[in-house]
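Participant:
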Amino acid sequence: MSRRARIALKAAIWGVCLAPLATLLTWFARDDLTANPISFVTTTLGDWTLRILVASLAMTPLRLVLGAAWPITLRRLLGLFAFFYVCLHASVWIVLDFFFDWPRMWEDIVKRPYITMGMLRRRGSGCLDGSV
Amino acid sequence: MLIRRARRFTSNEITDAKLYLSRREWMIGAALLTLLPGESGAATPQGQPLGATRNEALSLREPATKFEAATTYNNFYEFGVNKDDPARLAHTLTPRPWTVQVDGLVHKPKTYDIDELLRLSPLEERVYALRCVEGWSMVVPWIGVPLASLLRRVEPTGQAKYVEFTTLLDPRQFPGQRAGFFGSTLDWPYTEGLRLDEALHPLTLLTVGMYGQVLPNQNGAPIRVVVPWKYGFKSAKSIVRIRLTREQPPTAWNKAAPQEYGFYSNVNPAVDHPRWSQATERRIGEFRRRPTLPFNGYADQVAHLYAGMDLRKLY
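If you read the protein sequences in the order shown, they are chains F and V.
So for the first sequence, our numbering puts the first residue at 1; every next one is plus one.
So for the second sequence, our numbering puts the first residue at 1001; every next one is plus one.
Right, here's the structure in full:
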């Protein structure tokens, strides 16, 4: 793959990965984030974290299948975007949803597996990002 | 040689299937209008004002949630699983003409026309808190009559212990009832149930309107129940049948996920849903969460119904 094609591919990924955030910001400006905006934003950011994470983890097998090196050059970019979204997701949850109510958040983390999954995601991707 | 290709249609030139199929409804409607002159002139009274006297004693002293929020943020899986599906697809439901069959263990079974139910007793407005099992809540000024006024009229027999509500089953009017790629979301028709003493409780409202107007389709038109001390899914919408039974009736969400949704489903901050806490809720329109109250704030009126019951087990 030529240098120019690689740059185009990376630019496309920047565009795709920033589109969900841009969409949320547009809807925020138009006051169009449903009647329950905090819940909607938390869920949307969580969904995109998972989608981008899966895409970044798919790059290694994709290289093996295609026998081409270019997927590897995208892995770090996608991984960083996944980290970016999980940070936004966690910030919205901590600041907007629970407004720093740590005891209540702790209760939810120990009692509810789906929140624990989210926390593990963040710790895990923190490690992944530290290693790139 | 130049071969001219036929001009291709763009998708916006094709008549939408909904419009194309609706010609039948239009024809049936037109036919019915000729059969029923005068009295039932308006085919869909949705959006029309509905007069009622506020029952101050049974009304919250809190401002109502914005009408726009209460009619665009709905859980009504008959239309679809997303919050905006009911408002978006509400036009597919035809709430008139409509009948409700009331039968089972009663002395006087009867099929009521919706307009007859509107005249059962004087319409009351009641401002109730609505708590969704998902952790949000609203304040809604409902309009209706006590369900007890209907049940007393059909005279339950001594054996009647439960009341079962059945929602309309019609995939043509309820797109969410069509089987999708992953199968059906729930086992249709939607059924819900109450113990007879719960159904006869003065707070239990047979509801035909809200915010001073006829009940919008996305909120369960033309007739639903509202049971304010229970999570929202217990309040069955678009009811076509009310049946009195001796056995506890099967309920839609309990069948779908028994470990998550019990028969009673009273609002209870001390008993968590397996996937989230029920200790707090977000009132739609407010920023901070607020603590959830036992029985959604109606403990004084209803707690005695459950005296001696272990509400952790019978959640």
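Every residue gets a Cβ at the ideal spot worked out from N, C-alpha and C, and that includes glycine.
Please read these numbers as outputs of a predicted model, since none were measured by experiment.
(1) Is the CB-CB distance between V:Ala1221 and V:Pro1095 below 8 Å?
(2) What's the call for V:Asp1187, buried or exposed, on a 16-neighbour Cβ count within 10 Å?
(3) When you check each C-beta in the stretch 1279-1311 of chain V against every C-beta of chain F, which residues fall closer than 9 Å?
(4) Let me know the secondary structure DSSP gives V:His1201 once reduced to three states.
(5) So does the stretch 35-49 of chain F actually touch the stretch 83-101 of chain F, counting three or more Cβ pairs closer than 8 Å?
(6) If contact is defined by three or more beta carbon pairs under 8 Å, each pair taking one atom from either stretch, is the stretch 1133-1140 of chain V in contact with the stretch 1105-1123 of chain V?
(7) Verify the CB distance criterion: does V:Ala1069 have a CB-CB separation below 8 Å to chain F?
(8) Inspect the beta-carbon positions of F:Ile52 and F:Leu78 and report whether they are closer than 8 Å.
(9) Would V:Tyr1128 pass as a contact of V:Val1226 if the rule is Cβ separation under 8 Å?
(10) Is the Cβ-Cβ distance between V:Ser1238 and V:Leu1168 less than 8 Å?
(11) Can you confirm whether F:Ala11, when its beta carbon is compared against all beta carbons of chain V, has any partner nearer than 8 Å?
(12) Could you tell me which residues DSSP puts in a beta bridge with V:Gly1104?
(13) State the Cα-Cα distance for the pair V:Gly1038 and V:Pro1097, rounded to the nearest angstrom.
(14) Who are the near neighbours of V:Arg1289 in its chain, counting only those whose CB is closer than 7 Å to its CB and skipping five residues on each side?
(15) My assumption, with CB atoms under 8 Å, is that V:Pro1228 sits in contact with V:Leu1203. Please give the rounded CB distance.
(16) Report the option in V:Arg1131, V:Thr1185, V:Glu1125, V:Asp1103 whose CA atom is closest to the CA atom of V:Arg1152.
(17) For V:Leu1105 versus V:Ala1160, is the C-beta spacing smaller than 8 Å?
(18) Kindly say whether F:Arg112, judged by its beta-carbon, lies nearer than 8 Å to any beta-carbon of chain V.
(19) If V:Pro1269 and V:Thr1292 are in contact, beta carbons under 8 Å, what's the gap, nearest whole angstrom?
(20) For a test of the three-state rule: what should DSSP assign to V:Ala1042, helix, strand or coil?
(21) Following the continuous beta strand (DSSP E) through V:Thr1166, name the residue where it begins and the one where it ends.
(22) Check this for me: beta carbons of V:Pro1146 and V:Leu1205, under 8 Å apart or not?
(23) Please report the straight-line C-alpha distance between F:Thr60 and F:Ile72, rounded to a whole angstrom.
(24) Does the distance from the CB of V:Leu1215 to the CB of V:Val1208 come in under 8 Å?
(25) Start and end of the beta strand (DSSP E) containing V:Tyr1098?
(26) On the premise that F:Asn36 lies in contact with V:Tyr1073, defined as a C-beta separation below 8 Å, what is that separation, rounded to the nearest angstrom?
(27) Comparing C-alpha positions only, which one of V:Asn1266, V:Ile1143, V:Val1163 sits nearest to V:His1304?
(28) Excluding the 5 residues flanking V:Pro1049 on each side, which residues of the same chain have their C-beta closer than 7 Å to its C-beta?
(29) My output table needs one value for V:Leu1215: the three-state DSSP class, helix, strand or coil.
(30) Please compile the residues from chain F whose C-beta is within a distance smaller than 9 Å of the C-beta of V:Lys1083.
(31) Let me know the secondary structure DSSP gives V:Glu1281 once reduced to three states.
(32) For a test of the three-state rule: what should DSSP assign to V:Asp1300, helix, strand or coil?
(33) Is it buried or exposed, F:Arg4, if we count other Cβ atoms within 10 angstroms and call 16 or more buried?
(34) Alpha carbons only, please: which of F:Arg121, F:Lys111, F:Leu57, F:Met105 is nearest the one belonging to F:Asp85?
(35) So what's V:Arg1290 in DSSP terms, helix, strand or just coil?
(36) Going by Cα to Cα distance, which pick from V:Gly1158, V:Glu1124, V:Pro1156 is closest to V:Ile1143?
Facilitator: This is what the structure gives:
(1) yes
(2) exposed
(3) Ala1279, Thr1280, Arg1282, Ile1284, Gly1285, Phe1287, Arg1288, Arg1289
(4) coil
(5) yes
(6) no
(7) yes
(8) yes
(9) yes
(10) yes
(11) no
(12) V:Leu1244
(13) For V:Gly1038, the predicted structure reports a pLDDT of 40, less than 50, and the residue's modelled location is therefore unreliable. A value from the coordinates is still provided. Cα to Cα, the separation comes out at about 14 Å.
(14) Thr1280, Glu1281, Arg1282
(15) 6 Å
(16) V:Asp1103
(17) yes
(18) yes
(19) 4 Å
(20) Low confidence applies here, because V:Ala1042 scores a pLDDT of 48, under 50, leaving its location unreliable; read the following figure in that light. If DSSP states are grouped into helix, strand and coil, V:Ala1042 belongs with coil.
(21) 1162-1167
(22) yes
(23) 6 Å
(24) yes
(25) Tyr is not the amino acid found at residue 1098 of chain V; the sequence shown has Trp there. Run containing V:Trp1098: none; DSSP gives neither H nor E here.
(26) 6 Å
(27) V:Asn1266
(28) Gly1212, Gln1213
(29) coil
(30) Thr34, Ala35, Asn36, Phe40
(31) strand
(32) helix
(33) exposed
(34) The sequence shown places Tyr at residue 85 of chain F, not Asp. The candidate whose alpha carbon is nearest that of F:Tyr85 is F:Arg121.
(35) strand
(36) V:Glu1124
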